[in-house]
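Notes follow once the structure below has been shown.
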Amino acid sequence: PYTEDRIVSEFNSVDGLVQQIADILFDSMHETYLFIARQMPLFRSLSPGAVALLFSEDMVTLYEEGMTVYGPENPVEGFYLLLSGQIRALEKDGRDRVFSSGHLFGEEVFSGATFRTSTATETVRSSVLKIRLSALKGELSQESAVQLLSNIICMMAGT
């Protein structure tokens with residue numbers, strides 16, 4: 527078994543130890559992003575690096591039941607992927623839509639809207655990834671952005 531003395535003795539410096547830990551964490555996260563890329567339709571055919579960029583540049587937020595993700599007063603900066611849980615979106619026209627894990631919502635971004643037209647509220651504890659439009663306009667490679675848009679179209683079309 528590894529003891530503290532053995533671990534420290536195998537590295538010439540603290541920097542070497544820190545680098546080794548960083549490498550282990552990177553390898554672990556790479557496998558996580560590869561798994562996500564294979565399991566979620568939005569990330570289909572994206573590289574683990576592109577998925578990692580979306581998760582690192584954007585925000586995963588945990589919402590408790592009853593919390594509001596956005597309302598009509600909020601500007602449209604991106605769209606959302608429900609990673610776990612359930613959300614209810616109440617449209618201005620009274621339509622009520624319920625989304626579960628793996629679904630996109632907040633798609634007003636694709637119509638050119640500047641403010642939200644609905645209110646999205648969590649119905650149970652949920653985790654949500656916000657994907658900013660700027661990620662599609664330059665943070666991702668052109669190939670990854672095109673693939674992501676293609677995946678979005680397929681998801682919205684139900685295919």
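Anchor point for the sequence shown: position 72 equals 598 in the working numbering, and the numbering is continuous, going up by one each time.
Backbone N, C-alpha and C fix where the C-beta goes; we use that ideal spot for every residue, glycine too.
Ordered along the chain, which non-local residues of its own chain (more than five positions away) have a Cβ less than 6 Å from that of Glu590?
-> If you number the sequence shown from 1, residue 590 lands on position 64. If we look at Glu590 and ignore the five residues flanking it on each side, its Cβ neighbours are Arg651.
Nearest CA to the CA of Val624: which residue from Ile678, Leu659, Ala646, Gly638?
-> As a first step, residue 624 must be located in the sequence shown, where it is residue number 98. Residue Ala646 is the option with its Cα nearest to Val624.
Which of the three DSSP states, helix, strand or coil, is assigned to Lys705?
-> Examination of residue 705 is not possible in this model, given that the chain is present from 527 through 685 alone.
Glu665 versus Ile657 - alpha carbon distance = For this step, residue 665 is matched to residue 139 along the sequence shown. For this step, residue 657 is matched to residue 131 along the sequence shown. One Cα belongs to Glu665, the other to Ile657, and the distance between them is close to 11 Å.
Grab me the residues of Tyr606's own chain with a C-beta within less than 6 Å of its C-beta, minus the 5 sequence neighbours each way, in chain order.
-> Within the sequence shown, the letter at position 80 stands for residue 606. Closer than 6 Å at the Cβ level, and outside the excluded window around Tyr606, lie Phe631, Gly632, Val654, Lys656.
Gly573 by DSSP, collapsed to three states: which one?
-> The count along the sequence shown starts at 1 and reaches residue 573 at position 47. Position check: residue 573 holds Ser in this sequence, whereas Gly was assumed. In this structure, Ser573 counts as coil in the three-state DSSP scheme.
Backbone CA spacing between Ala615 and Ser644 [nearest angstrom] | For the purposes of this step, residue 615 is taken as residue 89 along the sequence shown, with counting starting at 1. For the purposes of this step, residue 644 is taken as residue 118 along the sequence shown, with counting starting at 1. Taking the straight line joining both Cα atoms gives about 6 Å.
Going along the chain, which residues of its own chain have a beta-carbon closer than 6 Å to the beta-carbon of Tyr596, five neighbours each way excluded?
-> In the sequence shown, residue 596 corresponds to position 70, counting from 1. Excluding residues within five positions, the ones whose Cβ falls inside 6 Å are Arg642, Ala646.
Integer-rounded CB distance, given that Gly604 should sit under 8 Å from Val577 = Here residue 577 refers to the residue found at position 51 when the sequence shown is read from its first residue. Here residue 604 refers to the residue found at position 78 when the sequence shown is read from its first residue. The Cβ separation is near 16 Å, so there is no contact.
Please list, in chain order, all residues of the same chain as Asp622 whose beta carbon is under 7 Å from its beta carbon, the five residues on each side excluded.
-> If you number the sequence shown from 1, residue 622 lands on position 96. Contacts found: Arg614, Leu616.
Hey, Ser627 and Ser610 are a contact pair by Cβ (cut 8 Å); roughly how many whole angstroms apart?
-> One-based indexing of the sequence shown puts residue 627 at position 101. One-based indexing of the sequence shown puts residue 610 at position 84. Taking 8 Å as the upper bound for CB-CB distance, Ser627 and Ser610 are in contact here, some 5 Å apart.
Does the Cβ of Ser571 have 16 or more other Cβ atoms within 10 Å, making it buried, or fewer, making it exposed?
-> Here residue 571 refers to the residue found at position 45 of the sequence shown. Residue environment analysis places Ser571 among the exposed positions, since fewer than 16 neighbouring C-beta atoms fall within 10 angstroms of its C-beta.
Per DSSP, which one or two residues make a beta bridge with Arg642?
-> Counted from its first residue, the sequence shown places residue 642 at position 116. According to DSSP, which records beta bridges pairwise, Arg642 is partnered with nothing at all.
Classify Ala639 as buried or exposed, calling it buried when 16 or more other Cβ atoms lie within 10 Å of its own Cβ.
-> Locating residue 639 in the sequence shown gives position 113, counting from the first residue. It counts as exposed.
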